[in-house]
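Participant: Input: one structure, supplied below.
2 protein chains.
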Amino acid sequence: MSISPKLALLEEYALVARALSAPARLMILEQLAQGERGVEALAEKTGLTIANCSQHLQQLRRAGLVTSRREGKAVIYRLTDAKTLDLMDLLRIVAERNLAQVERILRGLSGGEDAPEPVSRTDLAARLAEGSVTVLDVRPADEFAAGHIPGALNATLAQLEQILPTLAPDAEIVAYCRGPYCVYAHQAVATLRRYGLNARRLDGGLPEWREDGRPVLIDAG
Amino acid sequence: MSISPKLALLEEYALVARALSAPARLMILEQLAQGERGVEALAEKTGLTIANCSQHLQQLRRAGLVTSRREGKAVIYRLTDAKTLDLMDLLRIVAERNLAQVERILRGLSGGEDAPEPVSRTDLAARLAEGSVTVLDVRPADEFAAGHIPGALNATLAQLEQILPTLAPDAEIVAYCRGPYCVYAHQAVATLRRYGLNARRLDGGLPEWREDGRPVLIDAG
DNA sequence: CTATCATTCAATCAATCACTTGAATGATCT
DNA sequence: AGATCATTCAAGTGATTGATTGAATGATAG
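So the protein lines, in turn, are chains A and B. Position one of the first sequence corresponds to residue 1 (the working numbering), numbered consecutively onward. Position one of the second sequence corresponds to residue 222 (the working numbering), numbered consecutively onward.
Structure follows, in structure tokens:
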């Protein structure tokens, strides 16, 4: 308490920033953006050991970004606040505007200059209503089952070539994944376009779609 | 290039967050929000040594948050992008919503429960136009000289008691400082209210006022 | 009450960060 | 060109972080 209040405040703000300063924690937050999860599920999805994942989660909790609740033996974590998503999004936007390295990586993902503009969620909703579009969900099957855009096909990158024959050659395809931090949709679009298909990426992923209040279909367990 | 593009992207985003994860760098950014500055000026304002300040600046530059330009012997730094301010602001908002510690500090600054709501910049502009308000700039004299709200008085916290007699006892006072990260205005309002004056805080500081496109008066050098 | 399971804590190590000090750069002025 | 000044670099120190391992906690089921 002896330091100045001004510094004390800055320390708190810095704590939040620090929580976002490790790739592992960004991955965890991206997962939590899709819904609450237990420690084990998070560890598996992110490739971290359980102990390590638990430590990161506690760092996130200290920064106030996640909250936990006990459910039987399991501890379930969730985002404290939807504003956290905005913060991650702004972080991404600032990084994309200012860091040449980010642009280079994204360009590499999209396979060159010819990456089309993403489709806005409003546009996609309108096109869905008139049935003039094929929606592709590029996330793993379990995440698809837990909630997806109604009418979407599901295929991971590895499965993509298998479903190619089922797609009409002139269909307009819109791919989406976990959200702005996720690169699956970028890669899927690049692959589809290499095969000559008319594919574009959705702006944002399922969490943003849900945040907009749009319908999400959940598979019966 | 051997790591996955996904991880590479997350590393870049984390780099930006890391740049915001030290109080010293937040102070520097707060200064730069008011206008471009040389290294020496920044070091003095933040209380850092020049060498240390230079190192922090380079970390900020690596994260793409600041840009430098040479002017004679001096190197002048400025914010790369106004979006950085949004990012800092959101960081602050998330911290205030989620961290009890922040609320405690702010409450202590404001001297208890009775802190009034801040005045919006739109409101202040209207009240200024009709002359029904006294505006107080709580920043150091040099920053006041470099630009302030037209008609504002200038007094640091230390000088505040000296100008008390010049204030009409029933005047409505609106205090502002460097911006949301700055606590001078909070403290000034607390002091003025202890003396029974009707003081409130402006929402945001001079950078936000300027960002709104409102008039700023610059003293002739 | 004991066994079991998911999670967290504790101890450790390598790596990184913030800060200090003193020397090196790079542009100006005489 | 040499002197001067602002800034940056380089090296060293103490503190912190991220990851690993193994033990401890805390809630449930028998």
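The beta-carbon is built from N, C-alpha and C at its ideal position, and this holds for glycine as well.
Count the other CB atoms, across all protein chains shown, that sit within 10 Å of the CB of B/VAL437; report buried if there are 16 or more and exposed otherwise.
Facilitator: Position 216 of the second sequence holds residue 437 of chain B. Label assigned to B/VAL437: exposed.
Participant: Specify the secondary structure class of A/TYR13 as computed by DSSP and reduced to three states.
Facilitator: The sequence position of residue 13 of chain A within the first sequence is 13, counting from 1. Reduced to three states, the DSSP call for A/TYR13 is helix.
Participant: Could you give the DSSP three-state label for A/ARG115: helix, strand or coil?
Facilitator: By 1-based counting over the first sequence, the position of residue 115 of chain A is 115. Per the sequence shown, residue 115 of chain A should be read as Ala rather than Arg. For A/ALA115, the secondary structure class from DSSP, reduced to helix, strand or coil, is coil.
Participant: Any idea which residues DSSP pairs A/ASP137 with across the strands?
Facilitator: Stepping through the first sequence from its first residue, residue 137 of chain A is reached at position 137. A/ASP137 is bridged to A/ASN154, A/TYR176.
Participant: In three-state DSSP terms, what is B/GLY329?
Facilitator: Counting from one through the second sequence, the residue named residue 329 of chain B turns up at place 108. DSSP places B/GLY329 in helix when its eight states are reduced to three.
Participant: Take A/SER4 and list the residues in its own chain whose beta-carbon comes closer than 7 Å to its own, dropping the five residues that flank it on each side.
Facilitator: As a working note, residue 4 of chain A is residue 4 in the first sequence. Cβ within range, chain order: n/a, list empty.
Participant: How would you write the range of the alpha helix (DSSP H) that A/GLU40 sits in, first residue to last?
Facilitator: Mapped onto the first sequence, residue 40 of chain A falls at position 40. Counting along the chain, the alpha helix (DSSP H) containing A/GLU40 begins and ends at 39-46.
Participant: Quick check for students: name the residue ranges of the alpha helix (DSSP H) that lie wholly in the region 262-316 of chain B, counting only runs of 4 or more.
Facilitator: 271-283
Participant: So who's on the other strand from A/ARG200, going by DSSP bridges?
Facilitator: Counted from its first residue, the first sequence places residue 200 of chain A at position 200. Per DSSP, A/VAL174.
Participant: List the whole-angstrom C-beta distance separating A/ASP219 from A/ALA145, where the pair is believed to meet the contact cut-off of C-beta under 8 Å.
Facilitator: Taking the first sequence and counting its residues from 1, the one referred to as residue 219 of chain A is at position 219. Taking the first sequence and counting its residues from 1, the one referred to as residue 145 of chain A is at position 145. That pair is a contact at about 4 Å.
Participant: Could you compute how far the alpha carbon of B/GLU338 sits from the alpha carbon of B/LEU378?
Facilitator: As a first step, residue 338 of chain B is located in the second sequence; it is residue number 117 there, counting from the start. As a first step, residue 378 of chain B is located in the second sequence; it is residue number 157 there, counting from the start. Answer to the nearest angstrom: the Cα atoms are 20 Å apart.
Participant: Can you confirm whether the region 352-369 of chain B touches the region 56-74 of chain A when touching is taken to mean that 3 or more C-beta pairs between the two stretches lie within less than 8 Å?
Facilitator: no
Participant: Please name the residue, chosen from A/LEU124, A/GLN159, A/GLY213, that lies closest to A/VAL174 on a Cα-to-Cα basis.
Facilitator: On the first sequence, position 174 is the one that residue 174 of chain A refers to. With distances taken between Cα atoms, A/VAL174 lies closest to A/LEU124.
Participant: Please name the residue in A/GLY179, A/PRO165, A/VAL66, A/GLY205 whose C-alpha comes closest to that of A/LEU192.
Facilitator: Within the first sequence, numbered from 1, the residue matching residue 192 of chain A stands at position 192. Here the closest residue by C-alpha is A/PRO165.
Participant: Alpha carbon to alpha carbon, how far is A/ALA141 from B/GLY332? Give it in angstroms, no decimals.
Facilitator: Counting from 1 along the second sequence, the entry for residue 332 of chain B is found at position 111. Counting from 1 along the first sequence, the entry for residue 141 of chain A is found at position 141. The straight-line gap from Cα to Cα measures roughly 54 Å.
Participant: So what does DSSP say about A/LEU124, is it helix, strand or coil?
Facilitator: In the first sequence, the residue the question calls residue 124 of chain A occupies position 124. Annotated three-state conformation of A/LEU124 is helix, per DSSP.
Participant: Going along the chain, which residues of the region 238-271 of chain B sit with their C-beta nearer than 7 Å to a C-beta in chain A?
Facilitator: Of all residues in the region 238-271 of chain B, only ALA238, ARG239, LEU241, SER242, ALA243, PRO244, LEU247, MET248 place a beta-carbon less than 7 Å from a beta-carbon of chain A.
Participant: For the putative contact between A/THR67 and A/THR49, defined by C-beta atoms under 8 Å, what is the C-beta separation to the nearest angstrom?
Facilitator: In the first sequence, counting from the first residue as 1, residue 67 of chain A sits at position 67. In the first sequence, counting from the first residue as 1, residue 49 of chain A sits at position 49. The pair is not a contact, with the Cβ atoms about 23 Å apart (cut-off 8 Å).
Participant: With a threshold of 9 Å between beta carbons, is B/GLY425 in contact with chain A?
Facilitator: Taking the first residue of the second sequence as 1, we reach residue 425 of chain B at position 204. By this cut-off, B/GLY425 is not an interface position.
Participant: Who does B/HIS369 pair with in a DSSP beta bridge?
Facilitator: Counted from its first residue, the second sequence places residue 369 of chain B at position 148. Its beta-bridge partners are B/LEU438.
Participant: Distance cutoff 9 Å, beta carbons only. Does A/PRO140 sit that close to anything in chain B?
Facilitator: On the first sequence, residue 140 of chain A is found 140 positions in, with the first residue counted as 1. Not a single CB atom of chain B sits nearer than 9 Å to the CB of A/PRO140.
Participant: So is B/ALA316 buried or exposed if we call it buried at 16+ other beta carbons inside 10 Å?
Facilitator: The residue given as residue 316 of chain B occupies position 95 in the second sequence. Buried.
Participant: So B/GLU251 is in the alpha helix (DSSP H); what residue range does that whole segment cover?
Facilitator: By one-based count along the second sequence, residue 251 of chain B stands at place 30. 244-254 is the extent of the alpha helix (DSSP H) around B/GLU251.
Participant: Please go through the same chain and pick out, in chain order, the residues whose beta-carbon is closer than 6 Å to the beta-carbon of B/GLU393, but skip the five residues on each side of it.
Facilitator: By one-based count along the second sequence, residue 393 of chain B stands at place 172. Cβ neighbours of B/GLU393 beyond the five flanking positions: VAL354, ASN419.
Participant: To the nearest angstrom, how far is the alpha carbon of A/ARG92 from that of B/GLY259?
Facilitator: Start at 1 with the first residue of the first sequence, and residue 92 of chain A comes out as number 92. Start at 1 with the first residue of the second sequence, and residue 259 of chain B comes out as number 38. Those two C-alpha atoms are separated by around 28 Å.
Participant: Compute the beta-carbon to beta-carbon distance between B/ALA230 and A/VAL183, rounded to the nearest angstrom, for a pair I have assumed lies under 8 Å.
Facilitator: Residue numbering aside, residue 230 of chain B sits at position 9 when the second sequence is read from its first letter. Residue numbering aside, residue 183 of chain A sits at position 183 when the first sequence is read from its first letter. Per the sequence shown, residue 230 of chain B should be read as Leu rather than Ala. Their Cβ separation, rounded to whole angstroms, is 7 Å, which keeps B/LEU230 and A/VAL183 in contact under 8 Å.
Participant: Mapping the DSSP letters down to three states, classify B/TYR405 as helix, strand or coil.
Facilitator: Looking up residue 405 of chain B in the second sequence gives position 184. In the structure shown, B/TYR405 falls within a helical segment according to DSSP collapsed to helix, strand and coil.
Participant: Return the CA-CA distance between A/ASP203 and A/ARG104, expressed in angstroms with no decimal places.
Facilitator: The residue you call residue 203 of chain A lines up with position 203 of the first sequence. The residue you call residue 104 of chain A lines up with position 104 of the first sequence. Between A/ASP203 and A/ARG104, the C-alpha separation is close to 19 Å.
Participant: Please confirm whether A/GLY228 and B/ASN319 have their CB atoms less than 9 Å apart.
Facilitator: What the structure shows of chain A is the stretch from 1 to 221, and residue 228 of chain A is not part of that stretch, so it cannot be assessed.
Participant: Are the CB atoms of A/GLN101 and A/VAL138 nearer to each other than 9 Å?
Facilitator: Within the first sequence, residue 101 of chain A is the residue found at index 101, counting from 1. Within the first sequence, residue 138 of chain A is the residue found at index 138, counting from 1. Result no, Cβ atoms of A/GLN101 and A/VAL138 do not sit closer than 9 Å.
Participant: In chain order, what residues of the same chain lie with their CB nearer than 8 Å to the CB of B/LEU330, ignoring the 5 residues before and after it?
Facilitator: Position 109 of the second sequence holds residue 330 of chain B. Result list for B/LEU330: VAL404, HIS407, GLN408, ALA411, in chain order.
Participant: Who are the near neighbours of A/ARG62 in its chain, counting only those whose CB is closer than 8 Å to its CB and skipping five residues on each side?
Facilitator: Sequence index remark: in the first sequence, residue 62 of chain A carries index 62 (1-based). Excluding sequence neighbours, A/ARG62 sits near LEU15, ALA19.
Participant: Is the beta carbon of A/LEU85 less than 9 Å from the beta carbon of A/GLY196?
Facilitator: Numbered from 1 along the first sequence, position 85 holds the residue referred to as residue 85 of chain A. Numbered from 1 along the first sequence, position 196 holds the residue referred to as residue 196 of chain A. Contact flag unset, no.
Participant: Are the C-beta atoms of A/GLN58 and some chain B residue less than 9 Å apart?
Facilitator: Mapped onto the first sequence, residue 58 of chain A falls at position 58. Interface residue (Cβ-Cβ distance to chain B less than 9 Å): A/GLN58 is not classified as such.
Participant: Distance check for A/GLN31 and A/ALA261, CA to CA, integer angstroms please.
Facilitator: Nothing about residue 261 of chain A can be read from this structure; chain A reaches only from 1 to 221.
Participant: Since B/ILE370 meets chain A, which of its residues come closer than 9 Å, beta carbon to beta carbon?
Facilitator: As a position in the second sequence, residue 370 of chain B is number 149, starting the count at 1. Within chain A, no residue comes near B/ILE370; the closest Cβ sits about 22 Å away, beyond 9 Å.
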